[in-house]
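Chemist: Below you will find the structure I want to go over with you.
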Amino acid sequence: NAYLSQPKSGAKLGTVIVIHENRGLVDHIQDVARRFAKEGFAALAVDLLSRSGGTGQYKTPEEAIAAIGKLAKSGVEEDLDSAVAYVKKQNFFNGKIGVVGYCWGGGQSLNFATKCRDLNAAVVYYGRNPDPLDSVQNIPCPVLGNYGEDDPNIMPGVEPLKAALTKAGKSFDIKVYPGAKHAFNNNTNADRYHPEAAKDAWTRTVNFFKKNLSA
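Residue numbering for the sequence shown is 26 to 240, as defined by our numbering.
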């Protein structure tokens with residue numbers, strides 16, 4: 026299952042595949058997809074819990090988090106491959122596909138970029154690095170990263186990621202936001218949301234996709 030949001034113009038625009046956090050395809054991620062559509066992109070937010078019945082069956086965030094933890098890496102990659110194949114068949118497809126992921130999905134975004142040759146842009150919001158890290162040499166597109174400085178689980182990986190991307194000769198733009206925590210983009214989480222960082226990262230992300238996904 027997936028949530029598709031498109032501009033009303035009917036123009037053939039770049040498509041953004043949106044990868045959710047570790048709570049599944051919740052309303053917040055559907056809202057993110059709609060925001061991309063308002064900026065002129067088609068946006069496909071994939072429910073990576075579909076194989077276990079879909080996000081909607083989980084009564085609490087904790088249940089969804091537990092289910093995410095049981096997902097097979099191969100299944101996630103297959104589902105994202107299926108999303109790319111679906112996009113390629115659509116009338117709105119302009120030949121360009123980008124991927125963006127948040128939290129758990131940020132890690133999946135980077136990992137998928139090491140596997141998929143069809144991507145034209147990859148964005149990671151505070152996600153874990155691919156394992157092994159030198160697999161970034163397989164990324165076929167520019168990378169944009171948005172990280173919160175007050176994110177002790179993720180920040181130790183940022184400098185190694187930059188070093189690996191540099192060594193591989195990849196084009197990348199990584200920014201760390203002082204005072205921002207993990208999940209700073211999630212405006213439904215008052216403890217984590219950082220309006221200034223979220224606004225700047227959104228502008229960076231939209232401009233990055235406009236540059237790399239234009240026909």
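Here a beta-carbon is modelled for each residue, glycine too, at the ideal position from N, C-alpha and C. From a predicted model like this one, the values you see are computed outputs, not experimental measurements.
Report buried or exposed for E87, applying the criterion of at least 16 other Cβ atoms within 10 angstroms of its Cβ.
Modeler: Exposed is the call here.
Chemist: What's the C-alpha gap between N241 and G35?
Modeler: Outside the shown range of the chain (26 to 240) lies residue 241, about which nothing can therefore be said.
Chemist: Per the contact definition of three or more C-beta pairs closer than 8 Å, is the region 106 to 114 in contact with the region 78 to 87?
Modeler: Contact fails: fewer than three Cβ-Cβ distances are below 8 Å.
Chemist: Considering only residues of the region 50 to 89, which uninterrupted alpha helix (DSSP H) runs meet the minimum length of 4 residues and lie entirely inside it, listed in chain order?
Modeler: Complete alpha helix (DSSP H) runs here, min 4: 52 to 63.
Chemist: Measure the alpha-carbon distance for A222 versus F118 and round it to whole angstroms.
Modeler: Each residue's Cα considered, the two are about 31 Å apart.
Chemist: Compare the C-alpha of S99 against each of A58, P185, N154 and L73 and name the closest.
Modeler: Comparing Cα-Cα distances from S99 to each of A58, P185, N154 and L73, the minimum goes to L73.
Chemist: Going by beta-carbon coordinates alone, are D176 and H207 separated by less than 8 Å?
Modeler: Cβ atoms of D176 and H207: closer than 8 Å.
Chemist: Run through DSSP, which three-state label would D13 get?
Modeler: Lying before the first or after the last residue shown, residue 13 is absent from the chain, which here runs from 26 to 240.
Chemist: Is the beta carbon of V41 sitting closer than 8 Å to the one on A68?
Modeler: Yes, the pair counts as a contact, with Cβ atoms nearer than the cut-off.
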